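Q: Heads up, the sequence shown is in my numbering, so the first residue is 5 and it goes up one at a time.
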Amino acid sequence: AIMEAARQIGKSRCFGCEIIRFEHTSPALGGLVAKFHVILPPPQADGMRQLARPVLFWLSGLTCTDENFVVKAGPTACRVMAGGDCPLVLICPDTSPRGAGIEGEDTSWSFGSGAGFYVDATRDKWARNYRMYSYVTEELPAVVKATLGDQVDLSRAGITGHSMGGHGALVLAQRCPGQYLSVSAFAPIANPTQSPWGKVALDGYLREREEWDNYDATVLMAKQQHPPFPFAPIVIDQGKQDTFLNTELYPDSFLASCQKVDQEVDLQYREGYDHGYFFVSSFLERHLRHHYDVLSRPQNQPLS
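#1: What did DSSP end up calling D124 once you bin it into helix, strand or coil?
#2: For the 8 Å Cβ check, are there 3 or more pairs between the segment 58-66 and the segment 169-183?
#3: Of all the options R290, I238, Q228, Y296, which has the alpha carbon lying nearest to the alpha carbon of V265?
#4: With a threshold of 16 other CB atoms inside 10 Å of the CB of H1, please say whether the residue is buried or exposed.
#5: With DSSP run on the structure shown, which of helix, strand or coil describes W62?
#6: Helix, strand or coil for S285? Go by DSSP, reduced to three states.
#7: If the criterion is Cβ atoms closer than 8 Å, does the pair Q245 and G280 meet it?
#8: Is the Cβ-Cβ distance between L158 and V59 less than 8 Å?
#9: Relative to the alpha-carbon of Q198, which residue among A236, L210, D220 has its alpha-carbon at the smallest distance?
#10: Please state if the CB of Y296 and the CB of L55 are separated by a distance shorter than 8 Å.
#11: Since C18 sits in a beta bridge, which residues does DSSP pair it with?
#12: Got a sec? Which residues, its chain only, sit under 7 Å from R57 by beta carbon, not counting five neighbours each side?
#13: State the Cα-Cα distance for the pair C180 and V37, rounded to the nearest angstrom.
#14: So for K4, helix, strand or coil by DSSP?
#15: Which whole-angstrom value is the C-beta distance of D70 and D98, which I expect to be below 8 Å?
#16: Assuming T241 contacts F190 (C-beta within less than 8 Å), just tell me the rounded distance between them.
#17: Please report the distance separating the alpha-carbon of K15 from that of F40.
#18: Under the rule that 16 or more other beta-carbon atoms within 10 Å means buried, what is R127, buried or exposed?
#19: Where DSSP assigns a beta bridge to R57, which residues make up the other side?
#20: Tell me the DSSP bridge mates of G43?
#21: Thinking C-beta only, is S138 closer than 8 Å to G162?
Structural data, given as C-alpha cells:
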C-alpha cells in the first residue's frame, strides 16, 4: 500500500529553519490520529536541484508529546542548522498513541499516554494501539517520505532521544541494522529491565517476561557478535546531577555491554547538569554535528 502524505496543521520559522507540524491517520496505532513535527534546515540548492537531506529522528521521554523537544530545544537546533554546515531534517514523533480510550491509559504519568516506551505491546488490552516500535521504525519513515518527498534521504538516517526516548534510540538502532547509521542519546533509560520505570512499562505492555530483553539496550548489546556501529561511536551525554541517574538510567551497564563487544561509546558525564531540557539544549549541538558528520560521509568510512 502506498502511504498517504500527512496533513500540515502548523508552521513557524525559526533562525531560517521551518518548523512544521503534521497529523495523519496511523494504521500502526490502530487507526488513531498521530502528530509529528519536522524541522527543515534553510533551503540550499546544489545548482538547480534542491538537495535531499539526511534525516535525524528524535524520540522524546515520558509525559512528552511531539511538541516538547520542538518548543524547549527546537530554537537551539535551528540555531545550529542556520549556519548551513549541519543541514539535517529533524523528525519528532509523539511518545504514544493518543485517544485509544483504554481503561487506565491516563492514570499514571509513566505508563499509557505519553509513555509508549517504543515497544509493540502484546498484552491484549494494549496490543491494538500501543505499537510505537512499528510506528517509529516502519510507518513514520514511509509517511515522512510520502510527505516530504525528495527533501529527505532516508537511506541516511540517524536516531537520538532523551530518557525514555534515549532508550528507544539505543534499542531501535540495534534492532534495525542498517536503518539508522548513527545513534546517540541524552540520559537514556539504558537498562530498563533493571529500572522501576522500565519494569512497570515492560510488564504492563508485554505478555511474557522473555519479551523484555528485546527492548533493553544493555541486554541487546551484550548479545551482539560484533560491534553494531563499527564506523562511528555511540554518543551519550548524561548529567551528573540527574536525580534518576542511579535509580532509573544505568548508563554504565550499557557501557560495560558495549566494551564486551568492542562497540565504541563516547559517554560524557556533565558536572552540574540535571535530567531536563536545559541539559539537552546544552549538548544538542554536539549530537547534531555528530549525526551530520556520520550521515554526510560516504558509507562505511570511519570518522577521521
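A virtual CB, placed ideally from N, CA and C, is assigned to each residue, including glycine.
The structure presented is a predicted model; accordingly, all values stated were derived computationally and were not measured.
A: With the structure as the only source:
#1: Per DSSP, reduced to three states, the secondary structure at D124 is strand.
#2: Yes, they touch.
#3: Of the candidates R290, I238, Q228, Y296, the one whose C-alpha sits nearest the C-alpha of V265 is Q228.
#4: The question about residue 1 has no answer here: the residues shown for the chain are numbered 5 through 308.
#5: DSSP places W62 in the strand class (E or B) of the three-state scheme.
#6: In the structure shown, the three-state DSSP call for S285 is helix.
#7: The answer is no: Cβ separation not under 8 Å.
#8: In this structure, V59 lies closer than 8 Å to L158 by Cβ.
#9: Looking at A236, L210, D220, the one whose alpha-carbon comes closest to that of Q198 is D220.
#10: Their beta carbons are not under 8 Å apart, which means L55 does not touch Y296 by this criterion.
#11: DSSP output for C18 lists C21 as bridge partner(s).
#12: Taken in chain order, the residues that qualify are P45, P91, L92, V93, Q155, V156, D157.
#13: C180 and V37: Cα-Cα distance of roughly 25 Å.
#14: The question about residue 4 has no answer, for the chain in this structure spans 5 to 308.
#15: About 5 Å; that satisfies the 8 Å criterion.
#16: Strictly speaking, residue 241 in this sequence is Asp, with Thr absent from that position. Contact flag correct, Cβ pair sits at about 5 Å.
#17: About 12 Å.
#18: R127 comes out exposed.
#19: Paired residue(s): V156.
#20: The sequence given here places Ile at residue 43; Gly does not occur at that position. In the DSSP output, where bridge partners are listed per residue, I43 has I23, L94.
#21: Their beta carbons are not under 8 Å apart, which means G162 does not touch S138 by this criterion.
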